[in-house]
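**Q** Numbering (mature numbering (1 follows the signal peptide of the UniProt record, and there is no 0)), first residue to last: -20 to -1, 1 to 487. Using N, Cα and C, we set each Cβ at its ideal position, and we do this for glycine too. For clarity, every value in this text was computed on a predicted model and none was experimentally measured. Structure provided below as structure tokens; questions to follow.
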Amino acid sequence: MRRLLLLILIGFAVSLTSCRNDFDFESNTGGLRFSKDTVYLDTVFTNIGSSTYTLKVYNRSDKNISIPKVQLAKGETSKYRMMVDGIPGRVFDDVELLAKDSMFIFIEVTADVADANPTDFLYTDQILFGEGINTQKVELVTLIQDAIFLYPQKFSDGTTETLPIGDDEIYGFYLDEADPTNGNELHWTNTKPYVVYGYAAVPPNKTLVVDAGARVHFHAESGIIVANNASIHVNGSTSTTEALENEVIFEGDRLEPDFADVPGQWGTIWLTQGSTDNQIKNLTLKNATVGILVSGNDGTPTPTLDLENTQIYNCSNVGILARTGNIEGRNVVINNCGQTSFAGSFGGSYEFVHCTFANYWPTPNQTAVLLDDYDGSAIYALTKANFKNCIIHTSSNFGIVLKKTGSTFVYNFDHSLIKFADFSNQFTNNPLYAFSNTALYTNCLIATNSTVNNPDFKDARNNELIIGEDSSARGNADNTYSTFNDILNNPRTNPSDMGAYNWTTFD
């Protein structure tokens, strides 16, 4: 019994010594290591909070240390916020860090452009570790962009402005020609970016004009609605530098590089039934759910939507979804859409010249062009679907999907390259895909696998759809349709190339 008691006492003493060593902290003398010397918080809009960024702090020594102070150099006035060991704040005293251990510091910022350096719009601060001569620091840098914010009005009773959509309502508002804060909201200039919350609606009999060089950022579940008898005119023009200074860009409001190509970040540009005279030139639209939704047409012979030099990328559902639409397009490029790049559904009238419809979305069933006439009723007739000098190609087997139910289903692919790899011969006797029928397919090149009649895109998965010198589309277009420059504003040669781009030699 005495021996057992002695062993217990010895064990208790050892455990006390062990605990005392584990929690014996020495004052830090500046030997910390960091995952980054500078934390760059990506561009944010004025007074809109950033994402959360992480800094990892390492104690490489064999001793437990206590950092006398961890603080932002600007102290409590800093626009940055930190969380250290799960505790939010801007100044922390006696932060303990075990030997050979590390800790995370989480950093956010919300700042006004007035807080930034007026010459470069950078807002900066430092995280300081320690005191006196042993102080170490990590730099914090953020670019603040001033912006024009468009959003639904909040009323005194706590409700928020909405838009009527049939029997429902959605979070949105009408653009105002004389808004007390923004002035004319129906004219979007290139002086500041626009940030849109909810759906911005163009009122009936009004036109939204978007100037060359405008940048528009849409929050989640936001977009534009063009009402009956209303219009949108996107007036982009050719850029001369990689900054795309004259291109109009529609994208999400997450500016971090990790979100640059993430689909489905915002809603759509919705051209409702009866909208009219919609004109879009030199627009790049990306990361929407549906890029452009066209509901019906204005009932006139002229196109309800006229597209020129328009690029649509990374839509989680469809690039252009037209239902009984009336669309004409030149130099239209669409790629990476969850279902299809262009859908001419519920019939309609469509004509595309020198366009590139690709779809390299990483699933096996997506397509590039879909045409259907719904239930075959006369109101859903496909009265015209012409594709001239186009490239229609995908990473899946079928670049086109045709669904005919009624008697009026008029389409023609003329001097176009089409991916259609019918390995199981399931469409051999289907007259819709009779590629030898010149009334439906005029001088077309059929890509029956990934190598035959390959378009030789530069990097299709990353939306680089310019074609190379080995492209089967090179020199095989009908030059009588090549009456305008390519999408990069380069003159077309004779013989001209299929698709939106002239061929080039890749770097």
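Can you check DSSP and say which residues form a bridge with Lys43?
**A** Walking along the sequence shown from the start, residue 43 turns up at place 63. Its beta-bridge partners do not exist; DSSP assigns none.
**Q** With a 10 Å radius around its C-beta and 16 neighbouring C-beta atoms as the bar for buried, classify Gly279 as buried or exposed.
**A** If you number the sequence shown from 1, residue 279 lands on position 299. Exposed: under 16 other Cβ atoms inside 10 Å.
**Q** Going by DSSP, which residues form a beta bridge with His373?
**A** Locating residue 373 in the sequence shown gives position 393, counting from the first residue. The partner list for His373 (beta bridge, DSSP) reads Ala338.
**Q** Which of helix, strand or coil does DSSP assign to Asp487?
**A** As a working mapping, residue 487 is identified with position 507 in the sequence shown. Here Asp487 sits in coil by DSSP.
**Q** Cα separation between Leu188 and Gly232?
**A** Reading the sequence shown from its first residue, position 208 is the one you call residue 188. Reading the sequence shown from its first residue, position 252 is the one you call residue 232. So the alpha carbons of these two residues sit roughly 19 Å apart.
**Q** By DSSP, does Ala96 sit in helix, in strand, or in coil?
**A** Taking the sequence shown and counting its residues from 1, the one referred to as residue 96 is at position 116. Ala96: coil per DSSP, three-state reduction.
**Q** With three or more C-beta pairs closer than 8 Å as the rule, is the segment 297 to 307 touching the segment 268 to 286?
**A** Taking 8 Å as the limit for Cβ pairs, the verdict is that the segment 297 to 307 does touch the segment 268 to 286.
**Q** Please state the DSSP three-state secondary structure of Glu227.
**A** Numbered from 1 along the sequence shown, position 247 holds the residue referred to as residue 227. If DSSP states are grouped into helix, strand and coil, Glu227 belongs with coil.
**Q** Return the chain-ordered ranges of every beta strand (DSSP E) run that is complete within the segment 342 to 428 and spans a minimum of 3 residues.
**A** Taking only runs of at least 3 residues, the beta strand (DSSP E) segments lying wholly in the segment 342 to 428 are 347 to 352, 362 to 368, 371 to 374, 380 to 383, 392 to 394, 397 to 399 and 425 to 427.
**Q** Going by Cα to Cα distance, which pick from Gly356, Cys317 and Val333 is closest to Asn339?
**A** To locate residue 339, count along the sequence shown from 1; it is residue 359. Comparing Cα-Cα distances from Asn339 to each of Gly356, Cys317 and Val333, the minimum goes to Cys317.
**Q** Would you mind stating whether Ser325 and Leu350 have Cβ atoms separated by less than 8 Å?
**A** The residue given as residue 325 occupies position 345 in the sequence shown. The residue given as residue 350 occupies position 370 in the sequence shown. Against a cut-off of 8 Å, the Cβ pair of Leu350 and Ser325 comes out as a contact.
**Q** Less than 8 Å separating the beta-carbons of Thr142 and Ala91?
**A** Position 162 of the sequence shown holds residue 142. Position 111 of the sequence shown holds residue 91. Going by C-beta atoms, Thr142 is not nearer than 8 Å to Ala91.
**Q** Report yes if the CB atom of Trp246 is closer than 8 Å to the CB atom of Ala268, and no otherwise.
**A** Position 266 of the sequence shown, counting from 1, holds the residue named residue 246. Position 288 of the sequence shown, counting from 1, holds the residue named residue 268. Closer than 8 Å, so yes.
**Q** From the DSSP output, read off the bridge partner residues of Ser82.
**A** Counting from one through the sequence shown, the residue named residue 82 turns up at place 102. Per DSSP, Tyr38.
**Q** Just to check my reading of the structure: Asn114 and Gly10 have Cβ atoms closer than 8 Å, yes? What is that Cβ distance to the nearest angstrom?
**A** In the sequence shown, the residue the question calls residue 114 occupies position 134. In the sequence shown, the residue the question calls residue 10 occupies position 30. Indeed they touch by this definition, with Cβ atoms about 4 Å apart.
**Q** Run the CB neighbour count on Leu102, radius 10 Å, all protein chains shown included, and call it buried at 16 or more, exposed below.
**A** On the sequence shown, residue 102 is found 122 positions in, with the first residue counted as 1. Per the 10 Å Cβ criterion, exposed.
**Q** Reducing DSSP to helix, strand and coil, say where Asn1 ends up.
**A** As a first step, residue 1 is located in the sequence shown; it is residue number 21 there, counting from the start. Caution is warranted here: a pLDDT of 46 is assigned to Asn1, below 50, making its placement in the model unreliable, and the coordinate value is therefore given only provisionally. Of the three classes helix, strand and coil, the one that applies to Asn1 here is helix, per DSSP.
**Q** Report the rounded CA-to-CA distance for Gly309 versus Asp286, giving the unit in angstroms.
**A** Here residue 309 refers to the residue found at position 329 of the sequence shown. Here residue 286 refers to the residue found at position 306 of the sequence shown. C-alpha separation (whole angstroms): 6 Å.
**Q** Run the CB neighbour count on Thr34, radius 10 Å, all protein chains shown included, and call it buried at 16 or more, exposed below.
**A** As a working mapping, residue 34 is identified with position 54 in the sequence shown. The residue in question, Thr34, is exposed, as its Cβ has fewer than 16 Cβ neighbours within 10 Å.
**Q** What residue does the beta strand (DSSP E) around Phe332 start on, and which one ends it?
**A** Here the question's residue 332 lines up with position 352 in the sequence shown. Where Phe332 is concerned, the enclosing beta strand (DSSP E) stretches over Thr320 to Val333.
**Q** Can you tell me which of the three DSSP states Pro237 falls into?
**A** Along the sequence shown, read from residue 1 onward, the residue named residue 237 stands at position 257. Pro237 falls in the helix class under three-state DSSP.
**Q** With 16 as the cutoff for other CB atoms within 10 Å, does Arg70 come out buried or exposed?
**A** Taking the sequence shown and counting its residues from 1, one reaches residue 70 at position 90. It is buried - the Cβ of Arg70 has at least 16 other Cβ atoms within 10 Å.
**Q** Using a 10 Å radius around the Cβ and a threshold of 16 neighbouring Cβ atoms, would you call Arg454 buried or exposed?
**A** For the purposes of this step, residue 454 is taken as residue 474 along the sequence shown, with counting starting at 1. Buried.
**Q** Considering Cα atoms alone, identify which of Ile229, Gly193, Asp257 and Val196 is closest to Ala210.
**A** Taking the sequence shown and counting its residues from 1, one reaches residue 210 at position 230. It is Asp257.
**Q** My assumption, with CB atoms under 8 Å, is that Leu362 sits in contact with Asp355. Please give the rounded CB distance.
**A** As a working note, residue 362 is residue 382 in the sequence shown. As a working note, residue 355 is residue 375 in the sequence shown. The Cβ separation is near 13 Å, so there is no contact.
**Q** Comparing C-alpha positions only, which one of Pro132, Asp74 and Ile85 sits nearest to Gly66?
**A** Sequence index remark: in the sequence shown, residue 66 carries index 86 (1-based). Comparing Cα-Cα distances from Gly66 to each of Pro132, Asp74 and Ile85, the minimum goes to Ile85.
**Q** At the level of alpha carbons, what is the spacing between Lys399 and Glu157?
**A** Indexing the sequence shown from 1 puts residue 399 at position 419. Indexing the sequence shown from 1 puts residue 157 at position 177. So the two alpha carbons sit approximately 47 Å from each other.
**Q** Is DSSP giving Asn277 helix, strand or coil here?
**A** Here the question's residue 277 lines up with position 297 in the sequence shown. Coil, per DSSP.
**Q** Assuming Asp402 contacts Lys368 under a Cβ cut-off of 8 Å, what Cβ separation, rounded to an integer in Å, is found between them?
**A** Start at 1 with the first residue of the sequence shown, and residue 402 comes out as number 422. Start at 1 with the first residue of the sequence shown, and residue 368 comes out as number 388. Rounded, the Cβ-Cβ distance is 24 Å, inconsistent with contact.
**Q** Where Thr104 and Ala94 are concerned, what is the direct C-alpha to C-alpha distance, given to the nearest angstrom?
**A** Your numbering for residue 104 matches position 124 in the sequence shown. Your numbering for residue 94 matches position 114 in the sequence shown. Each residue's alpha carbon lies about 13 Å from the other.
**Q** If we ignore side chains and look at the alpha-carbon of each, how far apart do Ala(-8) and Arg234 end up?
**A** Position 13 of the sequence shown, counted from the first residue, corresponds to residue -8. Position 254 of the sequence shown, counted from the first residue, corresponds to residue 234. Any answer about Ala(-8) is weak, because its pLDDT of 45 lies below 50 and its placement is not dependable; what the coordinates show is given next. Straight-line Cα distance between these residues: approximately 57 Å.
**Q** With DSSP collapsed to three states, give me the class of Glu76.
**A** Position 96 of the sequence shown holds residue 76. Reduced to three states, the DSSP call for Glu76 is strand.
**Q** On a CA-only basis, which of Gly163, Lys266 and Leu397 is nearest Phe378? Give me that one, please.
**A** Here residue 378 refers to the residue found at position 398 of the sequence shown. Minimum Cα distance to Phe378 is reached at Leu397.
**Q** Cα separation between Ala240 and Ile107?
**A** Here residue 240 is taken as the residue at index 260 of the sequence shown, counted from 1. Here residue 107 is taken as the residue at index 127 of the sequence shown, counted from 1. Taking the straight line from one Cα to the other gives about 28 Å.
**Q** Whose C-beta lies closer than 6 Å to the C-beta of Asn1 among residues of the same chain, with five residues either side of it excluded?
**A** For the purposes of this step, residue 1 is identified with residue 21 of the sequence shown, where counting begins at 1. Note that Asn1 scores a pLDDT of 46, beneath 50, so its modelled location is shaky; the value from the coordinates is reported in the next line. Within the same chain, Asn1 has no close Cβ partners at all.
**Q** Compute the distance between the beta-carbons of Tyr179 and Ile212, then report whether it is under 8 Å.
**A** Taking the sequence shown and counting its residues from 1, the one referred to as residue 179 is at position 199. Taking the sequence shown and counting its residues from 1, the one referred to as residue 212 is at position 232. Not a contact, by the Cβ cut-off of 8 Å.
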